[in-house]
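Using my numbering, the letters of the sequence shown correspond one by one to residues 429 to 712.
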Amino acid sequence: MKENTENAQSDDIGKKKELRSGALRSSLTIELHTRYAIQLWTGREADARGDKGQKGKWRIIGMPFFLHLANRINEASVQDDPYADSVMLKLEDTFSEGNRVIEQLVNELDIILRNVPAQISLSSVGSVSPVNIGVFSRTPVGYRCVWLLVGFDQLALKAFQAAHYGLISHRQRDEYLHRAGSSIRKIFGIALHFQRMGVTRLDVIQNTPLALEATKLMGEVSFNVLSGKSRSSFSPPINQESIELLLAANENADKADIVQLLEDPPESVIDPSLLVADPKRIDD
429 MKENTENAQS
439 DDIGKKKELR
449 SGALRSSLTI
459 ELHTRYAIQL
469 WTGREADARG
479 DKGQKGKWRI
489 IGMPFFLHLA
499 NRINEASVQD
509 DPYADSVMLK
519 LEDTFSEGNR
529 VIEQLVNELD
539 IILRNVPAQI
549 SLSSVGSVSP
559 VNIGVFSRTP
569 VGYRCVWLLV
579 GFDQLALKAF
589 QAAHYGLISH
599 RQRDEYLHRA
609 GSSIRKIFGI
619 ALHFQRMGVT
629 RLDVIQNTPL
639 ALEATKLMGE
649 VSFNVLSGKS
659 RSSFSPPINQ
669 ESIELLLAAN
679 ENADKADIVQ
689 LLEDPPESVI
699 DPSLLVADPK
709 RIDD
């Protein structure tokens with residue numbers, strides 16, 4: 429009888445092991461049609477020499493380096509760096525603004541391209557040999573910027589088509605490209621401004637030398653960011669121990685709001701460790 433029971437338990441354990449799923453994998457490839465979008469992806473290396481004795485060109489980062497920076501910012505946020513949380517919040521706000529700007533400009537160009545005589549038919553525009561690029565980011569913040577770049581590429585296609593057929597001037601075309609491209613360059617600038625110093629909320633609460641140095645380099649962090657009241661939806665879960673210490677150290681804190689945040693934290697996005705571009709895995 430005892431032997432039968434042990435065999436049954438062994439079978440149950442075997443079935444449980446069989447039910448375990450493997451690593452989640454996903455791959456992502458984007459297709460870019462315009463050289464303007466490709467230049468935003470690749471960036472530009474610094475050139476100290478310049479042409480004909482002129483000043484050299486400074487470096488402009490591209491999307492791969494931004495994805496690297498986004499990963500560093502996310503890692504710092506996991507380690508309770510309030511400056512990383514502040515940058516994540518700025519990035520999310522800038523993504524939203526960039527999407528709004530590009531969507532508005534695309535809608536304007538769509539109206540212009542549709543406003544042709546009924547006897548005229550315009551086909552969609554695209555490159556005869558677009559560039560296909562595989563994309564991998566360990567954080568959703570990186571992918572949000574990639575979506576913005578794809579939107580810029582679509583806008584550039586429409587702007588060049590409208591200018592080619594004389595529906596807008598070359599000056600107007602360049603203005604569309606500049607307004608849309610500046611949204612992405614602004615995001616790059618925000619990420620570049622962050623300096624990972626290893627500072628934590630506890631450092632800020634205790635006003636340590638590291639916190640003072642971080643303040644000199646990057647300014648002060650707002651109390652709403654410190655308390656978690658203002659937080660990006662892409663940020664990892666906040667360190668509750670730090671928030672409790674902050675409550676104890678700051679008598680002017682809106683304790684009701686912060687306690688509610690701890691008891692019922694805002695719904696966060698899917699854990700980036702659940703999806704990974706093939707062949708890598710990040711759910712180890």
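Backbone N, C-alpha and C fix where the C-beta goes; we use that ideal spot for every residue, glycine too.
Is it right to say residue i is buried, meaning 16 or more other beta carbons lie within 10 angstroms of its own, or is it exposed?
i	result
I548	exposed
N502	buried
T457	exposed
S650	exposed
I686	Its pLDDT being 44, under 50, I686 is placed unreliably in this model, and the coordinates cannot settle the point.
A504	buried
P664	buried
H461	buried
L452	exposed
Q688	Caution applies to Q688, whose pLDDT of 45 falls short of 50 and renders its modelled position unreliable; the model cannot decide the point.
A639	buried
D521	exposed
Got a sec? Which residues, its chain only, sit under 7 Å from residue i by beta carbon, not counting five neighbours each side?
i	result
L690	Residue confidence for L690 is low, a pLDDT of 41 falling below 50, so the modelled location carries little weight; the figure read from the coordinates is stated next. Result list for L690: Q668, I671, in chain order.
A642	Y511, M625, V627
A584	T462, Y464, A465, L605
R629	D508, P510, L654, N667, S670, L674
D682	Because the pLDDT of D682 is 49, which lies under 50, any placement of that residue in the model is unreliable, and the number read from its coordinates should be weighed accordingly. Nothing meets the Cβ criterion.
What residue range is occupied by the uninterrupted beta strand (DSSP E) comprising residue i?
i	result
E525	Taken as a continuous stretch (DSSP letters only), E525 belongs to no beta strand (DSSP E), being part of the alpha helix (DSSP H) at 510-542.
V559	559-563
L459	The sequence given here places Glu at residue 459; Leu does not occur at that position. Looking at the DSSP string, the run of the beta strand (DSSP E) that includes E459 is 456-460.
Leaving aside the five residues before and after residue i along the sequence, list all residues of the same chain whose C-beta is less than 6 Å from its C-beta, in chain order.
i	result
A498	T567, V569, G570
R601	A587, A591
T470	G490
Pick out whichever of the options has its Cα sitting closest to the Cα of residue i.
i	options	result
P558	K586, V544, A465	A465
I666	K518, L640, D508, T462	D508
F494	I612, Y593, K586	I612
H592	K518, L673, S551, L533	S551
G490	E641, E648, T643, A619	A619
L675	S663, P664, L645, Q634	Q634
I539	T470, S555, F622, A590	A590
I615	L468, R463, L452	L468
L492	V534, L460, F564	Note on residue identity: the sequence assigns Pro, not Leu, to residue 492. It is F564.
E603	G450, L645, I530	I530
R659	L517, M646, L537	L517
Go through its chain and collect everything with a Cβ distance to residue i's Cβ below 8 Å, but skip five positions before and after it.
i	result
R448	none
A684	Its pLDDT being 46, under 50, A684 is placed unreliably in this model, and the value from its coordinates should be taken loosely. There are no such residues.
E426	This structure leaves residue 426 out entirely; the chain is present only between 429 and 712.
Specify, as a first and last residue, the run of the alpha helix (DSSP H) that residue i falls within.
i	result
S505	491-506
Y464	463-470
G656	Unbroken run through G656: none, as it is neither H nor E.
M646	637-646
R601	598-621
R545	The question names Arg, but residue 545 is Pro in the sequence shown. Counting along the chain, P545 falls outside any alpha helix (DSSP H), and DSSP gives it neither H nor E.
L577	568-592
D631	629-634
Would you say the beta carbon of residue i comes nearer than 7 Å to a heavy atom of the ligand SAM?
i	result
D602	This structure does not include the ligand SAM; it has no bound ligands of any sort.
Against chain D, with Cβ distances strictly below 8 Å, would residue i count as a contact?
i	result
G471	Absence of chain D from the displayed structure is noted, only one protein chain being present.
Report yes or no: do three or more beta-carbon pairs, one from the stretch 505-516 and one from the stretch 577-592, lie closer than 8 Å?
-> no
Is it true that the stretch 522-541 meets the stretch 599-615, where meeting means three or more beta-carbon pairs spaced less than 8 Å apart?
-> yes
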